[in-house]
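Colleague: Input: one structure, supplied below.
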Amino acid sequence: MDNYVVPEGPNYIESPWPGPLRVMVCVGYNPVSQRLIQRASFLARALGGELLAVHFQSAESDVPGYQTMLQRNLDFARGLGAQVQIERGGDVAQAIAHFAQSNRVTHIVMGESARSRLEEVRRGSLVRQVLSASRGIDVYIVADPA
1390 MDNYVVPEGP
1400 NYIESPWPGP
1410 LRVMVCVGYN
1420 PVSQRLIQRA
1430 SFLARALGGE
1440 LLAVHFQSAE
1450 SDVPGYQTML
1460 QRNLDFARGL
1470 GAQVQIERGG
1480 DVAQAIAHFA
1490 QSNRVTHIVM
1500 GESARSRLEE
1510 VRRGSLVRQV
1520 LSASRGIDVY
1530 IVADPA
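In our numbering, the protein residues as written are 1390 to 1535.
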């Protein structure tokens, strides 16, 4: 994959794709997602890029109030100028990486894992899986405020 140099601001930013910088934020149904959306929106504006807010549907869709809370977060993202999309699929990490590559995403913003370290050892870390599958794309992890 060739790297392209995109002039933005006083410095040059390397990008794996030609064209505008694209910041993708992974949106969930929980209230922390609004914090992620705010951070991603700030990053997109600072880089002069586009903002994509994407929800990757998983088994959590059975949680009571899921749709209402998710819609609130997606509406919040739209209010900040994001293009919004919902993706369905099995392996969330692979779905994130595939979407990012096929949509020429240059930056991914995700939240810190809510899993305990023991759970991450047993079940794996979504963040680590995305980092591994998204070679050449910058991945930003936003700390949990708690």
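Positions of the beta carbon are idealized from the N, C-alpha and C atoms, including for glycine.
When you compare each of Ser1430, Gly1408 and Asp1464 to Val1414 by their alpha carbons, which one comes out closest?
Modeller: Locating residue 1414 in the sequence shown gives position 25, counting from the first residue. Out of Ser1430, Gly1408 and Asp1464, Ser1430 has the C-alpha closest to the C-alpha of Val1414.
Colleague: Using only the alpha-carbon positions, how far apart do Met1458 and Asn1419 sit?
Modeller: Reading the sequence shown from its first residue, position 69 is the one you call residue 1458. Reading the sequence shown from its first residue, position 30 is the one you call residue 1419. Cα-Cα distance, rounded: 7 Å.
Colleague: Write down every uninterrupted run of the beta strand (DSSP E) in the region 1439-1473 whose length is 3 residues or greater and which is fully enclosed by it, in chain order.
Modeller: 1439-1446
Colleague: Between Ile1426 and Ala1466, is the Cβ-Cβ spacing less than 9 Å?
Modeller: If you number the sequence shown from 1, residue 1426 lands on position 37. If you number the sequence shown from 1, residue 1466 lands on position 77. Between Ile1426 and Ala1466, the gap from beta carbon to beta carbon is short of 9 Å.
Colleague: Taking buried to mean at least 16 other C-beta atoms within 10 Å of its own C-beta, is Gly1479 buried or exposed?
Modeller: What you label residue 1479 is simply residue 90 of the sequence shown in a count that begins at 1. Flag for Gly1479 reads exposed.
Colleague: From Arg1424, Ser1422 and Ala1442, pick the residue whose C-alpha is nearest to that of Arg1411; which is it?
Modeller: Here residue 1411 is taken as the residue at index 22 of the sequence shown, counted from 1. Cα-wise, what sits closest to Arg1411 is Ala1442.
Colleague: Let me make sure I understand the geometry here. Which of Ala1532, Gly1417, Ala1482 and Val1519 has the alpha-carbon closest to that of Asp1464?
Modeller: Position 75 of the sequence shown, counting from 1, holds the residue named residue 1464. Asp1464 has its Cα closest to that of Gly1417, out of Ala1532, Gly1417, Ala1482 and Val1519.
Colleague: As a quick exercise: from Val1481, Gly1454 and Arg1461, pick the residue whose alpha carbon is nearest that of Gly1513.
Modeller: By 1-based counting over the sequence shown, the position of residue 1513 is 124. Comparing Cα positions, the closest option is Val1481.
Colleague: What would DSSP say about Arg1477, mapped onto helix, strand or coil?
Modeller: As a first step, residue 1477 is located in the sequence shown; it is residue number 88 there, counting from the start. Looking at Arg1477 - three-state DSSP - the assignment turns out to be strand.
Colleague: In terms of DSSP beta bridges, what is Arg1411 paired with?
Modeller: As a working mapping, residue 1411 is identified with position 22 in the sequence shown. Glu1439, per the DSSP bridge assignment.
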